[in-house]
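A short write-up of the structure that comes next.
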Amino acid sequence: MLQSLALLLFPHRCLSCKEFVEHSRSFCALCSLSWSTSLKVRKVDGVPFFYSCTYNSVTSRVILKAKEENNARARITLAQLIAQAINNPYSLLIPIPSRPSANRTRGYRHATLLAGAAVSVMKGNRNQVIDCLQVTGSTRDQAGLNAHERRENLHHKFTADSRQLANLGMREIFIVDDLVTSGASAREAIRALLAVDVRVNGVISACAALPH
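In my numbering, the protein residues as written are 310 to 521.
Okay, structure coming up:
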């Protein structure tokens, strides 16, 4: 009775087009055609890169809902794609950092929350998220930049806090983000972690925009 009333008062809508959908679904039939759960693998600087969806209008709306609107349902939907790339539920996840100004404007660290949601999907615990990367120096918003400009914009702009990376043992480590476009952020994260002698087992994003 209460569940039926809740569904009546708060109907479920497609995360992309906002059409009404069954409560168990995230997308309508049409939008679901643009949402892939098939895991794909490429390489970024020799490191395995896992993703499921290619970037399109549907994935763009879901990412924006999670990133800019703090929409928990959108975030979990992205996190499910990230979690499926991880075989070991005890793996450690390192989120790609955002610019401090972006974090202040939003009031939260999007990639950190996304990594935490992925850990929840894996039935892990919050200690598996190591928020050790930060952006240092002045950077521009990556949106609107071409591949070369993105690389230049982030060149040696990430630093890793080695104190958070001590005594990790043999656990698998993955860099995570919602979207990889040129691969500039992933490459810079790999470089920053190597600078403190940490090698990652892979890069995982829910979506990817371009070949790498």
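Glycine included, C-beta positions come from ideal geometry on N, C-alpha and C.
- One thing to note: A426 has its Cβ no nearer than 9 angstroms to the Cβ of A498.
- In the same chain as I439, and ignoring 5 residues on each side of it, the C-beta atoms closer than 6 angstroms to its own belong to L401, I403, Q473, in chain order.
- By the beta-carbon neighbour count (other beta carbons within 10 angstroms, threshold 16), G478 is exposed.
- Within a 10 Å sphere around the beta-carbon of D486 sit 16 or more other beta-carbons, which makes this residue buried.
- In the three-state reduction of the DSSP assignment, A469 falls in the strand class.
- Put simply, the backbone Cα of G511 is about 16 angstroms away from that of A388.
- In this structure, the CA atom of V428 is about 30 angstroms from the CA atom of G446.
- When secondary structure is reduced to three states using DSSP, C337 falls in the coil class, being assigned neither helix nor strand.
- It is roughly 45 angstroms from the alpha-carbon of C337 to the alpha-carbon of V505.
- Going by DSSP, P409 is part of the alpha helix (DSSP H) stretching over 409-415.
- For Q389, the enclosing alpha helix (DSSP H) has its first and last residue at 381-392.
- DSSP places G425 in the helix class (H, G or I) of the three-state scheme.
- Annotation for I499: the continuous alpha helix (DSSP H) segment containing it runs 493-503.
- The beta carbon of C441 sits closer than 7 angstroms to those of I403, A469, D470, Q473, L474, all from its chain and outside the five residues before and after it, given in chain order.
- The alpha-carbon of I482 is positioned some 33 angstroms away from that of C323.
- Straight-line spacing of the CA atoms in K466 and S491 works out to 16 angstroms.
- R418 and E331 have their C-alpha atoms some 30 angstroms from each other.
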